[in-house]
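K.L.:
One structure coming up, written as C-alpha cells, with questions to follow.
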Amino acid sequence: MKKIFFTCRWSFIFLFFSCISKEKLMVIGHRGAAGHEVENTIPSIDKAISFGVDAVEVDVFLCKSGELVVFHDKNLSRLTNSNAFIESLTLDSIKKIEVFNNHKIPTLEEVIKFINNRVHLNIELKGLNTAKPTYKLVKSIFSNKKQLIDKISISSFNWNELEIIHDLDNDIETAVLVEKKSVEMAIIQAKKINAKAINIDFKLLNKKVIKKIKSENLIINAWTVNEINQIKRIMNLGVDGIITDFPDRVINLKSFFAHERK
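Throughout, the numbering used here is defined as the position within the sequence shown, counted from one, plus 104.
As C-alpha cells, then:
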C-alpha cells in the first residue's frame, strides 16, 4: 500500500510539473521552419519567426575562403544541382549555386543580421574547425556581452568543438548534442564544459532519462519532433524545448494546453 501511495504521489508530481513546463516550453525552429521552406535559408528562418518561435537552429560549415556558411550537409547534392563539397568551395563559388526554389546559401553573418535579435539563435557546428571562427564572428557582432549570452547558443555532435568554445569563453551557452552516444556520456561531457543543455534525439527520451538529466540541472531540448502524436508525448514528458521542422504545430499545441488549464 505504501509503495502504491508513493507511486501515485510521484505520478501526480510529474504530471503537475509537466503541465507547468508546457507553458514555459521553448519552441525552436529546426533549420528555420524546414517543414515549410527550404531548410537553412533566409525564407525558412523568416517563416519560423513569423510563427512566433522562441529560437531558430541553423547548421554551419567553414568554406574554403574562411567564411561560415549555413548548410546542413557536407555535400551540396541533396538541395542543389551541385555535387561539390561545401568546405572545398570559396564563398564566391557558393553564392553562385542555387538552392532549390531559387534560394541561396546564406552566411552565418547574414543570418545573424537578418534575425536582428528578434529570437534566440542556436548555431550547430557541423564542420571541423568551426568553433573559433564562430566565436570570433558572434563576438564581433554582439559588442554587448549580455546580449551575446542571451541571444546565442552553440551546439554540436563534435564535442571537441564545444570544448574549444568553453576554453574561449565559458559564458557562452552550449548544448551537447546526443544521438547514438549514451546519455551518461553526454551528461559527463556537459559537466566538463559547463554546458547548459543536452539536445537529444526525442526517440531516446522516457521518464527515466528525463529524470536523470534534470537531476543534473541540465536543460533538455528534444529533436526533431514533427508529428502531432510525437509532439504531445514529448511535451507530456516535461522537456524544456522542442526542436521541430513544424514550429506552428508545437505553438498551436502549446496554446491548446494553456487554454485547457484555464
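The C-beta atom is built at its ideal place from N, Cα and C for all residues, glycine as well.
To which residues does DSSP link A301 through a beta bridge?
P.N.:
DSSP lists A279, I323 as partners of A301.
K.L.:
Is there contact between the segment 246–253 and the segment 261–269, where contact requires at least three CB pairs shorter than 8 Å?
P.N.:
Cβ pair count under 8 Å is below three, so no.
K.L.:
Applying the criterion that 16 or more other CB atoms from any shown protein chain within 10 Å of the CB defines a buried residue, is I304 buried or exposed?
P.N.:
Flag for I304 reads buried.
K.L.:
For F46, which of helix, strand or coil comes out of DSSP?
P.N.:
What the structure shows of the chain is the stretch from 105 to 366, and residue 46 is not part of that stretch, so it cannot be assessed.
K.L.:
Select from L232, N340, I227, V343 the residue whose C-alpha is nearest the C-alpha of E277.
P.N.:
Nearest of L232, N340, I227, V343 to E277, Cα basis: I227.
K.L.:
If you draw a straight line from the alpha carbon of N310 to that of L341, how long is it in whole angstroms?
P.N.:
Each residue's Cα considered, the two are about 7 Å apart.
K.L.:
Out of I338, T328, N206, point me to the one whose CA is closest to G139's CA.
P.N.:
For G139, the nearest C-alpha among the options comes from T328.
K.L.:
Specify whether the segment 176–188 and the segment 146–154 touch according to this definition: at least 3 beta carbon pairs, one from each stretch, less than 8 Å apart.
P.N.:
Touching, no, given that fewer than three Cβ pairs across the two stretches are closer than 8 Å.
K.L.:
Which residues in the same chain have their Cβ closer than 7 Å to the Cβ of E161, if we skip the five residues on either side of it in sequence?
P.N.:
Cβ within range, chain order: I132, G133, H134, R135, N226, E228, I347.
K.L.:
Less than 7 Å between the C-beta atoms of D158 and M130, yes or no?
P.N.:
Result yes, Cβ atoms of D158 and M130 sit closer than 7 Å.
K.L.:
Does A159 come out as helix, strand or coil in the three-state DSSP assignment?
P.N.:
If DSSP states are grouped into helix, strand and coil, A159 belongs with the strands.
K.L.:
Any idea if F360 is buried or exposed, counting beta-carbon neighbours within 10 angstroms, 16 or more meaning buried?
P.N.:
Exposed, because fewer than 16 other Cβ atoms sit within 10 Å of the Cβ of F360.
K.L.:
Do the CB positions of A362 and L322 come within less than 7 Å of each other?
P.N.:
Not closer than 7 Å, so no.
K.L.:
Could you check the C-alpha separation between G345 and P351 for me, to the nearest Å?
P.N.:
Roughly 11 Å separates the two Cα atoms.
K.L.:
Please confirm whether V282 has its beta-carbon closer than 7 Å to some beta-carbon of chain C.
P.N.:
The chain labelled as chain C is not found in the depicted structure, where only one protein chain is given.
K.L.:
For D275, count the other beta carbons within 10 Å of its own beta carbon; 16 or more makes it buried, fewer makes it exposed. Which is it?
P.N.:
Classification of D275: exposed, given that the 10 Å Cβ count is below 16.
K.L.:
Taking buried to mean at least 16 other C-beta atoms within 10 Å of its own C-beta, is G170 buried or exposed?
P.N.:
Looking at its Cβ environment, which holds fewer than 16 other Cβ atoms inside 10 Å, G170 is exposed.
K.L.:
Please list the segments of the beta strand (DSSP E) lying wholly inside the segment 208–255, counting only runs of 3 or more residues, in order along the chain.
P.N.:
Counting only runs of 3 or more, we get 224–229.
K.L.:
To which residues does DSSP link G345 through a beta bridge?
P.N.:
Bridge partners of G345: M130, N325.
K.L.:
For N264, which of helix, strand or coil comes out of DSSP?
P.N.:
Here N264 sits in helix by DSSP.
K.L.:
Determine the closest residue to K307 out of K208, A279, R337, N205, with distance taken between C-alpha atoms.
P.N.:
Considering only alpha carbons, the answer is R337.
K.L.:
In three-state DSSP terms, what is S197?
P.N.:
DSSP places S197 in helix when its eight states are reduced to three.
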